[in-house]
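Step one of this worksheet: look at the structure below.
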């Protein structure tokens, strides 16, 4: 039976992290509207609960696949419980495996090799399981260029927040200015490596703080963000998805800009500057890409009542 189209890295907006051992959170995440669901076996799952969590995660991964979502798992470092995590979850064919505290290419090469071996064991097409390094330290951030070249499985990379701030000695604030340079550096390194940067999560509960954080995220250029609760998903998706009204306004602005530059008379009084026109062009491109993918999903669902 055919599968739903796989959402490409550039169109994955909210990556929702959930505890590995909490089946209710898995069900809530599957219905949240998140493009990707990450079952966390590291920080969100106690060591004693990991064996039972791995079995729950396999069910979550299979249901995510059925729904056309990206099902992923954050394992522990390989030198801790990481190998046991992989052994326990790879039969569920995760679309991505997150590696915490990534700081060296050797860590990622070792993970690539471990995944490849288990892909062969479970009959998974080799190379299809993505690796998502998680950057949680200054050492990882300054080595990022080399890390992203270490495996062809790396198509996305995530910036952490609390461990990173602790490593830097930064005093956390709702405005997040203390991590602005790290976010910018992270995004630049990822874009240079043709890798999708996943912005750090907002770990404050305030909707106002989340809105301000998303404004910074979109200004910097992020199109993908980590969520730490299902309640954040709608806000993230709205911020990272141009609406039809946004697209109409952007098209009008571009037409007015072109008329302005050609010398034709226009009804728009204010002068339209090139940065505004460039913003509108990017918005239209993203709107079209998301709409095209969503239409492909709907067509696949209508062709198969299973979905």
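In the numbering used here, the protein residues as written are 488 to 794.
We put the CB at the ideal spot given by N, CA and C, even for glycine.
Item: So within the segment 553 to 615, which uninterrupted alpha helix (DSSP H) runs reach at least 4 residues, ignoring any that extend past its ends?; Value: 570 to 576 and 592 to 609
Item: Quick one: Cα of residue 785 to Cα of residue 523, how far?; Value: 18 angstroms
Item: May I have a chain-ordered list of the beta strand (DSSP E) segments no shorter than 3 residues that lie completely inside the segment 663 to 713?; Value: 683 to 685
Item: Grab me the residues of residue 590's own chain with a C-beta within less than 7 angstroms of its C-beta, minus the 5 sequence neighbours each way, in chain order.; Value: 624, 626, 627 and 630
Item: By a C-beta neighbour count over all protein chains shown, 10 Å radius and 16 as the cutoff for buried, is residue 608 buried or exposed?; Value: exposed
Item: From residue 667 to residue 610, what distance separates their C-alpha atoms?; Value: 43 angstroms
Item: Looking only at C-alpha atoms, which of 649, 646, 620 and 648 sits nearest to residue 635?; Value: 620
Item: Suppose only complete runs of 3+ residues qualify. What are the beta strand (DSSP E) ranges in the segment 492 to 546, listed by chain order?; Value: 501 to 506 and 523 to 527
Item: With three or more beta-carbon pairs closer than 8 angstroms as the criterion, would you say the segment 494 to 502 touches the segment 699 to 707?; Value: no
Item: What is the DSSP secondary structure of residue 727, counted as helix, strand or coil?; Value: coil
Item: Does residue 695 pass the burial test, meaning 16 or more other C-beta atoms within 10 Å, or should it be called exposed?; Value: exposed
Item: Which of the three DSSP states is assigned to residue 789 in this structure?; Value: helix
Item: Classify residue 594: buried if its beta carbon has 16 or more other beta carbons within 10 angstroms, exposed otherwise.; Value: buried
Item: When DSSP labels each residue in this structure, what does residue 639 get in the three-state scheme?; Value: coil
Item: Alpha carbon to alpha carbon, how far is residue 733 from residue 605?; Value: 45 angstroms
Item: Among residues of its own chain, excluding the 5 on either side of residue 715, which ones have a beta-carbon nearer than 7 angstroms to its beta-carbon?; Value: 504, 688 and 690
Item: Pull up the CB-CB distance for residue 779 and residue 741, whole angstroms please, since I reckon it's below 8 angstroms.; Value: Contact doesn't hold; Cβ gap of about 19 angstroms is too wide.
Item: Tell me which residue opens and which closes the beta strand (DSSP E) that residue 617 is part of.; Value: 617 to 622
Item: Among the residues of its own chain, which have a CB less than 6 angstroms from the CB of residue 529, if the five just before and after it don't count?; Value: 561, 563 and 587
Item: Can you give the Cα-Cα distance for residue 743 and residue 771, rounded to whole angstroms?; Value: 15 angstroms
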